[in-house]
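Protein chains in written order, with our numbering: chain A, 1 to 235; chain R, 1 to 223. A short write-up of the structure that comes next.
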Amino acid sequence: MNTQTLNIKNSESQSRVYFGASPVSISGKNKNKEVSAKKSIVSNKKRTAVLQEATYDTMEGCLTAIAERKDRKAFQRLFESFAPKLKSFAMRNGVGMELAEEVVQETFIRIWRKAEQFDSTKASASTWIYTIARNQRIDLLRKRHRPEPDFEDPAFVPDAEPQPSEIIARDEEANKLRNSINLLSPEQQAVLKLAFLEELPHVEVAEKLDIPLGTVKSRIRLAMKHIRSNLGDIR
Amino acid sequence: MTITHIPSEEILLDYASGSLNEVWSLAVATHLSLCPQSRQIVSDMEAIGGKLLSEIDDISVSPDLLGKITANIDAETADNETAYNTVEFDEKTSDSYCLPEPLRSYAGGDVDDLKWKKFGSSAQQTLVLTGSSGTVARLLRIPAGKPVPEHTHSGQEMTLVLDGAFEDHTGIYGRGDFQQANESLMHQPYAVPGDDCICLAVTDSPLHFKSFAARLLQPVIGI
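See below:
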C-alpha cells in the first residue's frame with residue numbers, strides 16, 4: 001500500500017492533464033479537459049495512477065488507456081504486439097506486402113478512433129482487434145461492404161442487462177473459450193483456421209481439404225458444441 | 001416473442017469469418033439485430049478468430065509503418081470538425097420500425113416508405129439492391145392468411161420474417177425467425193391470419209414455381 005501511495009504522489013504532477021478526460025471525448029473539443037482536470041477529485045487521481053501502472057501489461061489495458069486518454073505509449077505497445085500478426089493475417093489472403101500493410105494501417109487507425117467502443121466484459125483485445133481487421137480485409141481486399149447490426153438503432157433488440165456476477169463470469173468465459181480451442185481435434189482446428197485466417201466459406205473449406213461438405217458442417221458443429229460444453233458450468 | 005429458428009452454425013461461421021457475401025450477410029446481420037442468442041454464437045466464433053489471430057506467425061512490418069499511422073492520426077486529431085459516430089436517430093421506439101438496420105438503409109426506408117409491386121396473385125414485393133451480383137434480395141408482403149406461390153429453389157434461399165408470421169410444414173416463423181432452404185425443400189408457405197407477413201427473401205437462382213400459370217408468368221414478371 002505504501003508504494004502505491006508513493007507512486008500516486010509521483011505521478012500526480014506528470015499525469016494531471018489526463019485526469020477527468022472524458023472516455024468518450026473524440027470530437028476534438030479537448031480544451032475543456034485541462035479545466036476539468038484541475039477540479040478532479042482525489043479518488044479519481046488514485047484510480048488513474050493505479051491504472052497507469054497496470055496499463056501496459058495487457059492488451060486490454062492498452063486499449064483502455066487509448067480510450068481514456070489517447071495514450072500514445074499504449075498505442076505503440078499495441079502496435080508492436082499486433083502489427084506483425086495483422087500483416088500475417090492480411091497476407092493469408094494471398095495479397096502482397098504493400099496491400100497487407102495497408103490493412104494493418106487502416107486497422108490501427110480504427111483501433112485509435114474506436115477504442116472507446118472496446119468493452120472488456122464482452123470481448124478480449126485480440127477478439128476485438130480481429131473483428132476490426134476482418135472488416136478492413138473485406139473492405140480493402142475484397143472491395144465489398146459488410147452489413148452489420150447497429151446497436152444504436154431503435155429497432156435493435158438488446159441483450160438482457162448483465163448482472164455484476166455475470167460480468168465476472170464473462171471474463172472467465174472468454175478465457176475458458178480461448179483455452180478450449182486448444183483442446184479441439186486437429187481436424188476441427190484445421191477447419192476453423194481455414195475459415196478465420198484464410199477467410200474461406202465452409203463450402204471452399206471442403207474443397208480445399210478435399211472432404212465432403214457434410215463433414216465440414218459436422219466438424220463446425222462439433223467444435224462449437226465442444227466449446228459450449230466447456231463453457232457450460234459458467235454459463 | 002422468442003425467436004426459435006436461427007441460421008445454421010455454418011452460415012453464422014461464414015458471417016463471423018467474413019467470407020459470406022454481402023447479400024447473404026444482409027439477411028444474417030438483420031437477423032442478428034433482432035436475436036441476442038445468435039449474436040452470442042457469433043461472438044463466440046469471433047473469439048475463436050481472435051485466439052487464432054493472437055497465435056499467428058509474425059511477419060515484420062516496414063520500419064516506417066508506425067510513423068505513417070501516427071501521422072494519419074495527428075492529421076485527424078488536428079481536424080476538429082471530424083466527428084465519428086454522430087448518426088442521430090429520431091425519437092422512435094423499438095416498435096416503430098418494422099425494418100431494423102442494416103436492412104432499413106439498404107431498402108431505402110421503412111416498410112411504408114417503399115414502392116411495392118405486385119408479386120403473384122395477392123402478394124407484393126420490392127427489390128433490395130446490394131453489391132452482390134447473381135443473388136437477389138427482395139422484401140415480400142404476403143396478405144394475412146394468403147399463400148406464397150408454391151415453389152422450389154435450384155439454389156439457396158434465406159428468409160427472415162420481419163412482421164406477421166408465415167407457416168409451412170416445417171413450422172411457424174415470426175419476427176426475427178430465419179429460414180434456410182435449399183433445392184430439396186418444396187414448400188407452400190402461407191401467411192398466418194392476423195397481420196400481413198413481411199419478410200426478406202434472398203435467393204441465388206430464380207424460383208421455380210410449381211403451378212403452370214406461375215411458370216408461364218415467371219419470365220414476364222421477372223421473379
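Backbone N, C-alpha and C define an ideal beta-carbon position, used for all residues, glycine too.
Distance CB(residue i)-CB(residue j) smaller than 9 angstroms
i      : j      : result
R:A201 : R:E157 : yes
A:M221 : R:K51  : Residue 221 of chain A is actually Arg in this sequence, not Met. Not closer than 9 angstroms, so no.
R:L127 : R:D110 : no
R:G244 : A:T127 : Residue 244 of chain R lies beyond the stretch modelled for chain R, which goes from 1 to 223, so this question has no answer here.
R:S122 : R:K146 : yes
R:T203 : R:Q179 : no
A:D153 : R:Y97  : yes
R:E101 : A:F108 : no
A:T55  : A:A65  : yes
A:P186 : R:R39  : no
A:L197 : A:R113 : no
Closer than 8 angstroms: residue i CB and nearest the ligand NAD heavy atom
i     : result
A:N93 : Annotation note on the ligand NAD: not contained in the displayed structure, which lists no ligands.
Proximity to residue i [Cα-Cα], best of the options
i      : options                        : result
A:F89  : A:E199, A:E116, A:F108, A:L78  : A:E199
R:G134 : R:I6, R:W24, R:G18, R:I11      : R:W24
A:G61  : A:Q188, A:P147, A:V104, A:A123 : A:A123
A:R146 : R:E9, R:I3, R:L20, R:L13       : R:L20
A:L63  : A:E187, A:R219, A:I129         : A:I129
R:V61  : A:A83, A:E207, A:L231          : A:A83
A:T121 : A:E173, A:E148, A:R72, A:R144  : A:E173
A:G96  : R:I59, R:Q37, R:G164, R:R175   : R:I59
R:Q188 : R:R175, R:D64, R:E46, R:F166   : R:F166
R:T224 : R:D113, R:R175, R:E9, R:E76    : Residue 224 of chain R is absent from the structure shown; chain R starts at 1 and stops at 223.
R:R104 : R:T130, R:A144, R:D64, R:K117  : R:T130
Proximal chain R residues relative to residue i, where beta-carbon distance stays under 7 angstroms
i      : result
A:S105 : The amino acid at residue 105 of chain A is misidentified as Ser; the sequence shows Gln. L65, K68, I69, listed in chain order.
A:P201 : D14, S19, L20
A:D71  : What A:D71 touches in chain R: nothing, since even the nearest Cβ is about 12 angstroms away.
A:S88  : I56, D57, D58, I59
A:T131 : E46
Residue environment, residue i, which counts as buried when at least 16 other CB atoms sit within 10 Å
i      : result
R:H169 : exposed
A:Q136 : buried
R:D14  : buried
R:T2   : exposed
A:K38  : At A:K38 the pLDDT is 45, less than 50, meaning the model places this residue with poor confidence and gives no usable figure here.
A:E207 : exposed
R:I69  : buried
R:T4   : exposed
R:I172 : exposed
A:R219 : buried
R:D44  : buried
Cross-chain neighbours of residue i in chain R, by beta carbon under 9 angstroms
i      : result
A:S76  : In the sequence under discussion, the amino acid at residue 76 of chain A is Gln, which differs from the Ser named in the question. Those are L66, T70, listed as they occur along chain R.
A:A123 : S43, E46, A47, G50
Contact list for residue i against chain A, beta-carbon separation under 8 angstroms
i      : result
R:E101 : P149, D150, D153, A155, F156
Chain A contact residues for residue i, given Cβ-Cβ distances below 7 angstroms
i     : result
R:Y97 : P154, A155
R:A29 : P147, E148, P149
Where residue i meets chain A, residues with beta-carbon distance less than 9 angstroms
i      : result
R:G131 : K143, R144, H145
Contact list for residue i against chain R, beta-carbon separation under 8 angstroms
i      : result
A:S126 : G50, K51, L53, S54
A:I220 : E9, E10, L13
query = Which whole runs of the alpha helix (DSSP H) in the region 7–36 of chain R are 4 residues long or more, in chain order?
reply = Counting whole runs of 4 or more residues, the region 7–36 of chain R contains the alpha helix (DSSP H) stretches 9–17, 22–34.
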